[in-house]
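Asker:
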Amino acid sequence: MSERAGSVGGTPPQIDGSASAALLKAGRFFTRWDESDDGRAVFREGGRAGDVFYRDRWSHDKVVRSTHGVNCTGSCSWKVYVKDGIITWETQQTDYPSVGPDRPEYEPRGCPRGAAFSWYTYSPTRVRYPYVRGVLLEMYREAKARLGDPVLAWAEITGDPEKRRRYQRARGKGGLVRASWGEAVEIAAAAHVHTIKTYGPDRCAGFSPIPAMSMVSHCVGTRFIQLIGGVMTSFYDWYADLPVASPQVFGDQTDVPESGDWWDATYLMMWGSNVPVTRTPDAHWMAEVRYRGTKVVTVSPDYADNTKFADEWMPAQAGTDAALAMAMGHVILTENFVRRDTPFFSDYVRTYTDLPFLVRLEPADPSQGSSSATEAYAAEPGSEGSGPVVPGKFLTAADLVDNGERPPSEEAWKTVLLDEATGEPVVPNGSMGFRYAESGKGRWNLDLEGVTPALTLEGEASEAVEVLLPAFVEPDGTGSVLRRGVPARRVHGHLVTTVYDLMLAQYGVARDGLPGEWPSGYDDVSTPYTPAWQAEVTGVPAEQCIRIAREFASNSEESEGRSMIILGAGVCQWFHGDATYRAILSLLIMTGCMGRNGGGWAHYVGQEKCRPITGWISLANALDWSRPPRTMTGTSYWYMHTGQWRTDGYSADSLASPLARGHLAGKHTADTIAQSARLGWMPFYPQFGTNPLQVAEDAAAAVAEGNVPNPAAYVAQALHEGTLTTAIEDVDAPENWPRTLVLWRSNLMGSSAKGNEYFLKYLLGTHSNVMGSESPDAPRPSEVRWHDDAPEGKLDLLMSADFRMTSTTLLSDIVFPAATWYEKHDLSSTDMHPFVHAFTPAIDPPWEAKSDFEMFHLLAQRFSAMATTHLGVRKDLVSVPLMHDTPGEVAQPGGRVFDWRGSGLPGTPGVTMPVFTVVERDYTAIADKLATVGPLADTLGFTVKNVTYRLEEETARLAAKNGVMLGGAGDGRPAIDTDEKLAEAILSFSGTTNGHLAVQGFHTLEERVGKKLADLAEGAEEKRITFADTQVAPVPVITSPEWSGSETGGRRYAPFTVNIERLKPFHTLTGRMHFYLDHDWVQDLGEALPIFRPPLDMHRLFGEPRLGPDGAKQVTVRYLTPHSKWSIHSEYQDNLLMLSLSRGGPTVWMSPGDAASIDVHDNDWVECLNANGVLVGRAIVSHRMPDGVVYVHHAQERTIDVPKSEATGRRGGIHNSVTRLLVKPTHLVGGYAQLSYTFNYLGPTGNQRDMVSTVRKRSQEVTY
Amino acid sequence: MSTFLWGVLPYLTLATLIGGTIWRYRYDKFGWTTRSSQLYESRLLRIGSPLFHFGILVVLIGHIGGLVVPESWTEALGVSEGLYHFNALLFGGIAGVCTLVGILILVYRRRTTGPVFMATTKNDKLMYVVLVAAIVLGLWTTLVSVGAGSEAHNYRETVSPWFRSIFLFRPDVDAMAAAPLQFHVHAIVGMLLFALWPFSRLVHAFTAPLHYLFRPYIVYRSRDRDASGSRPARSGWSAVGTTDRDRSSR
C-alpha cells in the first residue's frame, strides 16, 4: 500500500468510519488491486464488455441538418443523428453566422420540445399507412366495382343522403382501415373532380398554415389547390396571431425585429408575451440585455415565467391592458408634449405619423345627417357653435379645390396638414394619392420639403370647439360619451383640427381655454384615461403606471428611441386586441421608437415571416400559370360554414359607439360579412349560388350575344338583377357547402378550430357537445337566409396528411402518412432570426409515409387523368376583393360605405364590387403545371407589395439549373418536380435570397419613391442563396424591398428602419403611421382613435353566468388558453418525453381561491363548460394564478387521457370545445388604403380570449 | 403421489431454476433488475426493505443450518435436540416475524402508493403471493412446533435427509412422506417459489453486489488489451431500414 498524500501522522483519513475500513481491508486481503493514494479509487483493466451496448447506443453513421416545422418561431437548426438507417436523436446546431463582436450569439438554439422530436419517428402515434374510413371504403369499393369509374362512385355515395350520413356519423369514432396509396389517392382525386364538376372549384378548400415553418410543403399543396381553382383559407388572422392594429397603423401585415435586436434595447417591456416559455431559444437575449443595464418590465395577469426575469411586474387584470396603455399615454402626452416639448418626439411625429394631419369636424347630432349633410354644414360657416362636433374624415386635397372643379381622382387620397410657419394648408408627399397615380411618381416619400407641420391648431386663428368622443368604460362594454374640446380652424370652409389635438382630447390631456370636461389630474379616479382611473380597472397602482410611463419616455428620449415592447398572444388574441394594440403602439410611436434598432414593437405570435416571400407566395398561388388565386379569410369562412353564426348572441349594435352614424345598425355579424363580401372588401367563397364554371359559360354567352361588354359586367348585372346570387346569402343551401377540405401541416380540429363542437356538428356532421340551442330570441341576420333545419355534415371529404395521429386525423375520411421533418427537403425561416436554412432527410420516410410534396404530385397526376373524361379545359369566373398594395385599395375614397344593393344601381366590378376575372383551367394539365414554372413568371413577373420583379433571367437560370420538363403543358419550362428543385425556385425568385432581384426591386421602388434605396442591397447582386447553401449552414438574408427593415452591413434587423431612414412611406392612407382611422365602420364602433375596450361581456351577449363563484358548486371564470411549456400547439403534448416532464393530459390551472370556492384540490378532475361545449381536465391549483381566471393550455388534444364528461356523457372535448368564433366588424373593412384585404394581411381574427366558462368539480371516477 | 412430489418435483424445480436462470441471463440482461421503486416512495421502503431483507437472510441461514447440517453432526458437538430446537424456534421465529412484517409493509406500500402500484406487474403480483405464502407457511411450521413443545416433530429426521438426498440423486421419498402436513405444504410452496425465481425480480438475489462492500467506491477500468468495448464492424452493404416502404403501391 502506498503512502497517502496529505495524511497527517500517517493516519489514513477516516471518511467512512472504521467498519468500512475493516471491510476494505478484508477486500484487500483477498484481492490485489492498484488504488489511488487516498484508497478511494481502484484501477482495473478490462471488464468493459458492457460498454458495447452504450457505445452502440450513442454511435451514429451520419449527422444531417434539419429543423422542426412547428410554428414555434424558433426555426432552430438541428443535427439529426442516424445509425443503421434509424434516427437516434438530435442535438442543437451551433454554426449560426456570428452577429458580430460585443454581443451574444444566436447559437445554440433549441428547447426541450425540439430535442424530443425524434421520438415521433417510431412512436405508437406515427401514421404508417394510408387510412380510409372503413364504411366509406366499403361503399366506395362496391360502387366502383359496379360503376367502373371512381368519379361516378364518389358521386353516388355522396349523392345518397343515407350513405353520406353513414360515413359522416362515423367521423371521430375509429374505424379507419388501411388502404393502398393508389386507392386512397384515387378516392381523393375523384372527390375533387366530382366537386368541381358538380358544384364548382370554389367548393374545394385547403388549409395549411405558416409557410415559413416548411415552405416547400406549404407551397406545393397550395399550388395544387390554386391550380384547380380551389380556396385556400388564411391562418394568420384565423389564429388571431395577426395584430389587426398592424395593417391599421402601419399598413403592413407584421414586421418585427429579430431577437438579436433585443440586445440593442435599453428599456424592454414584455406585454402579454411569456418569452422564456414561448420564445425559449431567444429568451437568452432578454436575460443578457439586463447585464447591459436595460430595465425589464412585464405586464401579465399571472405570475408568469417571464415575471421571474423582470425588474418590475405590472399585474394588469386579464383583458384590461389597453386601460394601462391609455393611462401611460396620458402621462407621456401630458409631460412630453403639453407641459414640455420634447423635440426628439415632436420632430418624429411630425414626419412619420398622421398627428399633424387635418380631420374634418362634423356636427355630433346625427339628425343633421352623415356625410352628405356634412358638406352642407361645412359650406355654411354660420352654423358652428350650434352644438358639439365629432371627428369625421381626413381633409384631403379634393376638399381644397374650389367648387365646380372636378379634381383628379387621386386628390381624394392626399391628406392635408398646415404649415406651422404660414398657417396655410399643405399637401405633403407620401400619401396614398401619390402611390399609384402617374402624377405621384418620385413623390411617394415622406420628405416634407422644408415644411414644418403644425401639430396643434392652438393659437390666435383657432376657435375652441366641444368635441364628443366615445368611451367604453363600463365593465359590460356599453358605451358612453366624453365631452372634450379641441382647437379648430376653417380650411376652405371646412372646420378642421389635427389628429394631435384629437389625441389630447381623447387621452384627456387638458389645455387651457378648451371646453368640455377634463380630468382634474393624474389622481382623478373617475375620468378616463388617468393613471388613477386605470388603477381601478387594471389593478396596477397609479404610482407604478406613472413611474413606468416616465421611465419609458425618458429612456426613449435619451437613447433616441430604444424603448422596446415585446407583445404577444396574451394581449393580441382578445376580441378587442386591435384596440389594445393601438393603445400600446401609440406609446412607441409618440416616443419615436418605431423603426429603430433596439426600439419599437416586437410582436411575436406565429412564425409569420417567410423571408423568401416572393418566390414562395407566387409559386404557392401558381401565379406563373393563372391569376388571380382564391384566398379566403379563415375566420369568416369557418364562422359561416360551421354554423357558428346561427348561435351568435350579439349583433353589431352591441358593440357600436353611442355616437355611431348607423352604418352597422341592426346588423347581425353574418350580415356584416355578407356586406363586406358584396362590396369587394373581403373575399367569400363559394362565390355564387352557381358553379363558377357555369357562370363563366353564361358570361361568355352574354358577351357573344353582345348584351354586355365583358364577363365582369355580366356578373355585375346578374347580381344586380338577382339572376345570380352570392353564396353567402344562402350559405346553408347544399349547393353552397364546402365539399372537400384538404389539411396538411395542420391540425385544425385539435388546435385552431375555435368552436370545435360546431365544426363537429355542422361541418362534419358527427356527434358533438354543443350545449347551447339555437334560441329563437337570438338575433338573426337579414341578409343571410335562415333554415330552420340547420344542415349537419356539409363536408363530403375531409382529407388530411400527418405523421402522427391527431384530433384531425381521427376525424378525417382519408389520412395519408406524411414524412416527418427529418424525412424531407424543405426550407425554414422565422421573424426571430435573419437566417434561411434547410430541412434535409435523415432517412427516407419509413413504412409507407411520403412527403407532402410527393402526395400532392400523386394526387395531381390522378386528378389530371380523371379530368380528361370528366372536366377537360374549362373557364372559371373568379371573384376576388380589392387588394392592399394594388390600385384596388384606392377604389373607395373617404372610407365611406357605398352599397350597390339598395342603391338601385348595379355595382362596378373592382370599385364598389369585387373584381371578376375569367381564368382558363386545363384540368387535364394540373400535374404538368404543378411540376413546372409557368410562362406568366416571364411575361408578368411576380409582384409583392406593389413591387414587380422581372424574372426572365431568373427563369432561364433556373431552367439551366433544374432542367426543363418535356412534353405536356409544361414543355420546355423549368422543372420543379422535386422538393429540392422547388426549394431552389423559391430562393431564386425572392429578393431576400437573390441579391440581383433585391437590387432590381429597389430600383423599381426608387422610381416611385424618388429617394435612394438601391444602395441597401447593392454589392449583393451576385449573391444568390442556393438550396445547397442553406443545407451547409443557416444563411443570413439580403436586404430587400419585400420587407421594411435593413440587414445591410451586418446590422440587426429592425422593422421600418427603411421607412424612417430613407423616408419611404408606410403603406397607409397618409403614408405615415396612423393614430386616426376614419372609415365609417371604424368610427361607428368608436375606434377612430386609440381607446380602451373591456373584454366582451359574455353574460350580456350569451347569457353565461356572471364572473365569480355562485357560492355552491361552480365558479365562473375567464377561460384563457395560453401556450404551454411542454408543447408547441398540439405538437409534443402527446410526446412521451414531454408527457413525463409535465403533468400530462388535459389540465386546468386555477387559483387557490377559485379552487377552494368549489372544494377542488390539486389534481382533482374538473369540468369547464359553457354554451359551446365542455372540457374535462385535472385542476392544477397554483398561486401563480390570479382569481377569476383559469388557464387551459392551448391544444391539449383528445388523443391523450380525455375521459367522458359528466355534463354530456360523451367524451370531453379539447380546449376549443369551450370557445367559439366572434367576428369584429371592423376587421371586415376593405377597399380603403391600408384597410384593404390581402391574404393573412387583414381579416377578422379568430379570437378566443373573451370566453368565460363555469368550472365544476366532478366525480373523481372517470371513464373512457 | 409421494414419488412425484418428493422424487420428481424437486428435479423439475431444480431444472427450471438452473435452466431458467441461464436463459434469463442470456436473453434478458437488461431486465435483470429489481426494478427499484425507491424513486416513487422511500419512507416505508426504508423500514420495510431492511426488515424483510435482513430477516430473510437470517431465515436463509437457518434453513441451511437445519437442512444441510445432519443431526448427527450437531449431536457430535454436544448440542442436544432440545437446545437446538429452542434456538431454531427462537431465532427462526424472530427472523420469520421480521421477514413477514417487512414484506407486509412492502406489500402495503406497493398497493397504496399509486406510482409504485402502477409499476407493479402481474409477474410481481404472482411472485408476492407465492413469497408471502412460503413465509407464512414457514412460520406455521414454527408455530406448530412451538405449540407441540417437546412433542414437536423433528424435521431433521425427515425433511433434512430428504433435502440432502436430492442432491445425491437418491431421493429419500419415504423420509419426506413421513413429515407432517405443514412441512409438505411449505416444501411444495417453496419449490414453486424456486421455479418462479428465474422469471421474476427475485433474480436480483443472485447478483446482490456483495463485493461492493469490499472494494473502494470508485472503479477505473482501462480498456482490455484486445480493445473490446466497441461493437463489431458491420459490412457496409448490409440491409438497413424497413421493408414496408418498398411495399407501397402507387
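Heads up: the sequence lines are chains S and Z, in that order.
Mapping to the numbering used here: the first sequence position 1069 is 1069, numbers consecutive.
Just remember that the numbering used here sits 10000 ahead of the position in the second sequence, which is counted from 1.
Where is the CB? At the ideal position from N, CA and C, for every residue including glycine.
1. Using a beta-carbon distance cut-off of less than 7 Å, what residues from the region 31 to 52 of chain S approach chain Z?
2. Using only CA atoms, which one of Z:V10189, Z:H10211, Z:M10176 lies nearest to Z:S10002?
3. With a threshold of 8 Å between beta-carbons, can S:G1145 be considered close to chain Z, or not?
4. Where does S:D1250 sit, in a helix, a strand or coil, going by DSSP?
5. Give me the Cα-Cα distance between Z:G10096 and Z:Y10220, rounded to the nearest whole angstrom.
6. On the DSSP letters alone, give me the boundaries of the beta strand (DSSP E) that S:M799 sits inside.
7. For a contact meaning CB atoms closer than 9 Å, what does S:G17 contact in chain Z?
8. Using 10 angstroms around the beta-carbon of S:G1213, count the other beta-carbons present and answer buried if the total reaches 16, otherwise exposed.
9. Strictly below 8 Å CB to CB, what residues from chain Z border S:L23?
10. Residues of chain S with a CB under 8 Å from the CB of Z:Y10220: which are they?
11. Against chain Z, does S:A620 count as a neighbour if the rule is that its beta carbon must be under 8 Å from one of theirs?
12. Among S:S559, S:E560, S:S462, S:N710, which has the Cα closest to the Cα of S:T908?
13. Mapping the DSSP letters down to three states, classify S:F43 as helix, strand or coil.
14. By Cβ distance below 8 Å, which residues in the same chain neighbour S:E774 in space, the five residues on each side in sequence not counted?
15. Using alpha carbons as the reference points, say which of Z:I10061, Z:S10042, Z:F10183, Z:S10200 lies closest to Z:M10127.
16. Return the residue from the list S:R339, S:A1088, S:G963, S:I613 that minimises the CA-CA distance to S:T830.
17. Looking at S:Q506 and S:L469, is the spacing between their C-beta atoms short of 8 Å?
18. Report the residues of the region 10114 to 10146 of chain Z with a CB closer than 8 Å to any CB of chain S, ordered along the chain.
19. Tell me which residue opens and which closes the beta strand (DSSP E) that S:K875 is part of.
20. Would the beta-carbon of S:R1100 fall within 8 Å of that of S:H576?
21. Would you mind working out which of S:W262, S:V770, S:V220 sits nearest S:A1054, comparing C-alpha positions?
22. Using a Cβ-Cβ cut-off of 8 Å, state whether Z:D10028 counts as contacting chain S.
23. Would S:A26 count as contacting chain Z if we go by Cβ distances under 8 Å?
24. To the nearest whole angstrom, what separates the beta carbons of S:D885 and S:T1238, a pair I think is in contact under 8 Å?
25. Exposed or buried, S:A378, counting other C-beta atoms within 10 Å across all chains shown (16 or more means buried)?
26. Return the residue from the list S:H218, S:A622, S:H1193, S:L795 that minimises the CA-CA distance to S:V933.
27. Tell me whether S:P161 sits in a helix, a strand or coil according to DSSP, three-state version.
28. Assuming the contact rule is C-beta atoms closer than 8 Å, S:Q248 and S:L1077 should be a hit. Round their C-beta distance to whole Å, please.
29. Examine chain S for any beta-carbon lying closer than 8 Å to the beta-carbon of Z:R10109, and answer yes or no.
30. For chain S, check one thing: does any of its Cβ atoms lie closer than 8 Å to the Cβ of Z:R10223?
31. Can you tell me the Cα-Cα spacing of Z:F10194 and Z:M10118, whole angstroms?
32. When DSSP builds the beta bridges, which residues end up paired with S:W89?
33. Have a look at S:V297 and S:R1258 and give me their C-alpha separation to the nearest angstrom.
34. Quick one: Cα of S:F853 to Cα of S:T456, how far?
35. Check whether chain S comes within 8 Å of Z:F10004, counting only Cβ atoms and requiring the distance to be less than that.
Answerer: In this structure, then:
1. E35, G39, R40, A41, V42, F43, R44, E45, G46, G47, R48, A49, D51, V52
2. For this step, residue 10002 of chain Z is matched to residue 2 along the second sequence. Ranking Z:V10189, Z:H10211, Z:M10176 by Cα distance to Z:S10002 puts Z:M10176 first.
3. Counting from one through the first sequence, the residue named residue 1145 of chain S turns up at place 1145. Not one chain Z Cβ lies under 8 Å of S:G1145.
4. Here residue 1250 of chain S refers to the residue found at position 1250 when the first sequence is read from its first residue. Three-state result, S:D1250: coil.
5. The residue you call residue 10096 of chain Z lines up with position 96 of the second sequence. The residue you call residue 10220 of chain Z lines up with position 220 of the second sequence. Each residue's Cα considered, the two are about 41 Å apart.
6. Looking up residue 799 of chain S in the first sequence gives position 799. First-last of the beta strand (DSSP E) with S:M799: 797 to 802.
7. As a first step, residue 17 of chain S is located in the first sequence; it is residue number 17 there, counting from the start. Chain Z residues near S:G17: none, gap ~13 Å exceeds 9 Å.
8. Residue mapping note: residue 1213 of chain S aligns to position 1213 of the first sequence, counting from 1. Buried is the call here.
9. Taking the first sequence and counting its residues from 1, the one referred to as residue 23 of chain S is at position 23. Under the 8 Å cutoff, chain Z gives L10213, F10214.
10. Residue numbering aside, residue 10220 of chain Z sits at position 220 when the second sequence is read from its first letter. Neighbours of Z:Y10220 on chain S, chain order: A41, V42, F43, R44.
11. Stepping through the first sequence from its first residue, residue 620 of chain S is reached at position 620. No - not a single Cβ of chain Z is within 8 Å of the one on S:A620.
12. Here residue 908 of chain S refers to the residue found at position 908 of the first sequence. Nearest of S:S559, S:E560, S:S462, S:N710 to S:T908, Cα basis: S:N710.
13. To locate residue 43 of chain S, count along the first sequence from 1; it is residue 43. Reduced to three states, the DSSP call for S:F43 is strand.
14. Walking along the first sequence from the start, residue 774 of chain S turns up at place 774. Around S:E774: R646, T647, A790.
15. Numbered from its first residue, the second sequence carries residue 10127 of chain Z at position 127. Taking only the C-alpha atoms, the option nearest Z:M10127 is Z:S10200.
16. Looking up residue 830 of chain S in the first sequence gives position 830. Comparing Cα positions, the closest option is S:I613.
17. In the first sequence, counting from the first residue as 1, residue 469 of chain S sits at position 469. In the first sequence, counting from the first residue as 1, residue 506 of chain S sits at position 506. Result yes, Cβ atoms of S:L469 and S:Q506 sit closer than 8 Å.
18. none
19. Along the first sequence, read from residue 1 onward, the residue named residue 875 of chain S stands at position 875. Per DSSP, S:K875 belongs to the beta strand (DSSP E) from 873 to 880.
20. Within the first sequence, the letter at position 1100 stands for residue 1100 of chain S. Within the first sequence, the letter at position 576 stands for residue 576 of chain S. Not closer than 8 Å, so no.
21. One-based indexing of the first sequence puts residue 1054 of chain S at position 1054. The shortest C-alpha separation from S:A1054 is found at S:W262.
22. Residue mapping note: residue 10028 of chain Z aligns to position 28 of the second sequence, counting from 1. Not closer than 8 Å to any Cβ of chain S, the Cβ of Z:D10028 fails to qualify, so no.
23. The count along the first sequence starts at 1 and reaches residue 26 of chain S at position 26. Taking Cβ atoms only, chain Z reaches closer than 8 Å to S:A26, which makes this a yes.
24. Working through the first sequence from its first residue, we reach residue 885 of chain S at position 885. Working through the first sequence from its first residue, we reach residue 1238 of chain S at position 1238. That pair is a contact at about 7 Å.
25. The count along the first sequence starts at 1 and reaches residue 378 of chain S at position 378. Confidence is the limiting factor: at S:A378 the pLDDT is only 42, short of 50, which leaves the residue's position unreliable, though a coordinate-based value still follows. Looking at its Cβ environment, which holds 16 or more other Cβ atoms inside 10 Å, S:A378 is buried.
26. Within the first sequence, numbered from 1, the residue matching residue 933 of chain S stands at position 933. That would be S:A622, whose Cα lies nearest to the Cα of S:V933.
27. Stepping through the first sequence from its first residue, residue 161 of chain S is reached at position 161. In this structure, S:P161 counts as helix in the three-state DSSP scheme.
28. Translated into the one-based positions of the first sequence, residue 248 of chain S becomes position 248. Translated into the one-based positions of the first sequence, residue 1077 of chain S becomes position 1077. Going by Cβ atoms, the distance from S:Q248 to S:L1077 rounds to 6 Å, so yes, they are a contact pair.
29. As a first step, residue 10109 of chain Z is located in the second sequence; it is residue number 109 there, counting from the start. Output row for Z:R10109: interface = no.
30. In the second sequence, the residue the question calls residue 10223 of chain Z occupies position 223. Taking Cβ atoms only, chain S reaches closer than 8 Å to Z:R10223, which makes this a yes.
31. Here residue 10194 of chain Z is taken as the residue at index 194 of the second sequence, counted from 1. Here residue 10118 of chain Z is taken as the residue at index 118 of the second sequence, counted from 1. So the two alpha carbons sit approximately 26 Å from each other.
32. Along the first sequence, read from residue 1 onward, the residue named residue 89 of chain S stands at position 89. Answer is S:Y81, bridged to S:W89.
33. Here residue 297 of chain S refers to the residue found at position 297 when the first sequence is read from its first residue. Here residue 1258 of chain S refers to the residue found at position 1258 when the first sequence is read from its first residue. Approximately 39 Å between the Cα atoms of the pair.
34. For this step, residue 853 of chain S is matched to residue 853 along the first sequence. For this step, residue 456 of chain S is matched to residue 456 along the first sequence. The alpha-carbon atoms of S:F853 and S:T456 are separated by roughly 58 Å.
35. Counted from its first residue, the second sequence places residue 10004 of chain Z at position 4. Z:F10004 does not count as touching chain S.
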